[in-house]
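Undergrad: Provided herewith is a single structure, encoded as structure tokens, for subsequent inquiry.
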Amino acid sequence: MPTILVRALCCAGAVTSFAAPVLAQDTADETARTTQSAAPVEKAQDDTRNWQPLADEGITLSLSYTGEAATNVSGGVRRDAAYAGQVYVGADFDMDRIAGIGGAAIHAAVTDRHGQNLAAIAIGNNTSVQEIYGTQNTHLAILTWQQKLLNGAVDIEVGRSQANIHFLNSPLYCNFQSNSACGNPTFVFKNSNFTYFPASSWMAHAKVNLTPKVWIHAGAYEVNPDRKRPTDNGFNFSAKNATGVIVPWELGYGTDFTNDRLPRHYILGGWFDRGDYADPLRDDRDGIAAVSGRAAQTRHGRSGIYFRFDQMLTRPDPMTQRGLSLFGVAMTNLSGRVEESHFLELGLVQTGTFAGRDKDTLGFVINDQRFSDLAMERMRAARVFAGGTDGIARHQYMMELAYGAQVGPAIRLSPNIQYIVHPDQSSVPFRTSDIPNAWVLGFKFTVDASALAGSVFRP
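The sequence shown runs -19 to -1, 1 to 440 under mature numbering (1 follows the signal peptide of the UniProt record, and there is no 0).
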């Protein structure tokens, strides 16, 4: 699978044909970092090949579409339905084959996103139930140069991209539709300037494989409010108005199906955010911004830390990748004035469900967003100002049960049920009473055009 498409699949929700999601993203082995495992079992499960007419010239093309529908059948501010989608077009250029530059590649991708966000229009909370929503335009998402050194032990990438496709992600997360889990645990976006797909900015990151199973990884990403404006299309490369950088880091241990019967990843990570941000409570005259309507105070500098893991628990047949995997995330803030004080998440994914359904998945995830004292004071003040009471819940819990059905090599269908306990009032701050807990029915699908063409044109 092309490198940039794998990254988009892991971080933008377009999961198509991952046979065993636990193995793909964070092993120290560079091949396993960006593609599926080279384990012998993979060949037996791969019943087609992608159509790549320029492969002999060193060019790998990507074209996919992801759509996500959602409706709140009960709860929220009002009942409604929404649909959001993404067209993804990309190419990887093997510069060794094209120009004789060993270990080098150019990655490029453009997205077109469209549709509505159910959370904003009907539920009222701060986290979307359609992770594909965001940056709703045609956008240059990736334009980078990647260079591997020392036989792949060192991997460097520079150019225009995002932190969330390089850090704090796993193919397990996007077996779900909720943006609380896919493509990254939502806490990092609430509490930092962590850049997100497809809103690209200047960046560089480097990964050093200390052993086949242990690595260190760090990067620096431009923080620029212009890159998140609705009018930005990603083609403006100016750093004017940048306010700093965010520096994510990870130290990890990981295995895959080539070296472990039960693959696992254990990762300690965090971030140093050296960009500007809006104070979650105070305005420019030290009042409460939500009540005064004045601009929030500008702050500078935040940091946070997390631990995450995934562990395959069962694998009855070592010749397949069927089995049950457990994953979890714990995140907290270290410095700065922030929206949330901690985030906890736990999930299970069964890969291989019924007979002959080796690539189908059944998953459940639940997470807890705990609001900070500053956020609680803001929400209470807004409600009291509107004439309501101050009994706002500190925790928002989001959960999802999802089934992923692989239909041939190119199509994945993922119906899901989501439940939100104590939706916060981000979209309706002056509501005078609690938002009822919300049940959401969702449906996510992906079509991989190159795999579809491969099944048609294969010999």
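Just so you know, even glycine gets a beta-carbon here, dropped at the ideal spot from N, CA and C.
Does T256 come out as helix, strand or coil in the three-state DSSP assignment?
TA: The question names Thr, but residue 256 in the sequence shown is Gly. Note: G256 maps to strand in three-state DSSP.
Undergrad: With DSSP as the reference, label D339 as helix, strand or coil.
TA: D339: coil per DSSP, three-state reduction.
Undergrad: Taking the Cβ atom as the reference point for each residue, do L382 and I398 lie within a distance shorter than 8 Å?
TA: yes
Undergrad: Does N145 pass the burial test, meaning 16 or more other C-beta atoms within 10 Å, or should it be called exposed?
TA: buried
Undergrad: Classify V388 as buried or exposed, calling it buried when 16 or more other Cβ atoms lie within 10 Å of its own Cβ.
TA: exposed
Undergrad: Suppose contacts are defined by Cβ-Cβ distances below 8 Å. Is V195 in contact with Y234 by that definition?
TA: yes
Undergrad: What's the C-alpha gap between A391 and A65?
TA: 20 Å
Undergrad: Could you check whether I416 and R359 sit closer than 8 Å to each other, using their CB atoms as the reference points?
TA: no
Undergrad: Using a 10 Å radius around the Cβ and a threshold of 16 neighbouring Cβ atoms, would you call residue 449 buried or exposed?
TA: Since the first residue of the chain shown is -19 and the last is 440, residue 449 is not available in this structure.
Undergrad: With H, G and I counted as helix, E and B as strand and the rest as coil, what does DSSP make of A101?
TA: helix
Undergrad: How is A432 classed by DSSP in three states: helix, strand or coil?
TA: helix
Undergrad: Report the CB separation of Q111 from L121 in whole angstroms; it is logged as a contact under 8 Å.
TA: Contact doesn't hold; Cβ gap of about 23 Å is too wide.
Undergrad: In whole angstroms, give me the CA-to-CA distance for W32 and G39.
TA: 14 Å
Undergrad: Leaving out five residues before and five after A430 in sequence, what residues of the same chain have Cβ atoms less than 7 Å from its Cβ?
TA: Contacts found: L44, S45.
Undergrad: Could you pull out every unbroken alpha helix (DSSP H) segment of at least 4 residues lying fully inside the segment 256 to 333, listed in chain order?
TA: 270 to 273
Undergrad: Given this structure, state the Cα-to-Cα distance separating D260 from D354, to the nearest angstrom.
TA: Distance between D260 and D354, taken at the CA atoms: about 13 Å.
Undergrad: Name the DSSP bridge partner or partners of V91?
TA: V70, L121
Undergrad: By a C-beta neighbour count over all protein chains shown, 10 Å radius and 16 as the cutoff for buried, is S55 buried or exposed?
TA: exposed
Undergrad: Report the residue from F324, Q302, R296 whose alpha carbon sits nearest the alpha carbon of I287.
TA: Strictly speaking, residue 287 in this sequence is Tyr, with Ile absent from that position. The option with the nearest alpha carbon to Y287 is F324.
Undergrad: Rounded C-beta distance between R245 and D291? I'm assuming under 8 Å.
TA: Rounded to whole angstroms, the Cβ separation of R245 and D291 is 7 Å, and the two are in contact under 8 Å.
Undergrad: Between which two residues does the beta strand (DSSP E) carrying L394 extend?
TA: Counting along the chain, the beta strand (DSSP E) containing L394 begins and ends at 392 to 402.
Undergrad: In angstroms, rounded to a whole number, what distance separates the CA positions of W126 and E138?
TA: 6 Å
Undergrad: From G328 to T239, what does the alpha carbon distance come to, in whole angstroms?
TA: 24 Å
Undergrad: Note down the Cα distance separating A374 from P229, rounded to an integer number of angstroms.
TA: Rounded to the nearest angstrom, the two C-alpha atoms are 31 Å apart.
Undergrad: Could you name the residues that DSSP lists as bridge partners for I40?
TA: F74
Undergrad: Give a yes or no on whether the C-beta atoms belonging to residue 444 and S161 are separated by under 8 Å.
TA: This structure does not reach residue 444, given that the chain is present from -19 up to 440, and the question cannot be answered.
Undergrad: Within the same chain, show all residues whose beta-carbon is closer than 8 Å to that of V204, passing over the 5 residues directly before and after it, in chain order.
TA: Counting only Cβ-Cβ distances below 8 Å, and skipping sequence neighbours, we find N174, T176, S182, A223, T224, G225, V226, I227, D254, R255, G256, D257.
Undergrad: To test your reading of the DSSP string, which unbroken alpha helix (DSSP H) runs of 4 or more residues are found completely within the segment 144 to 232?
TA: 168 to 171
Undergrad: Give me the residue from N53, S273, K171, V70 with the minimum Cα distance to T41.
TA: Nearest option by C-alpha distance: V70.
Undergrad: Need the endpoints of the beta strand (DSSP E) that residue 441 sits in, please.
TA: The chain is shown from -19 up to 440; residue 441 falls before or after that span and cannot be answered.
Undergrad: Which residues does DSSP list as the beta-bridge partners of A63?
TA: A63 pairs with A51.
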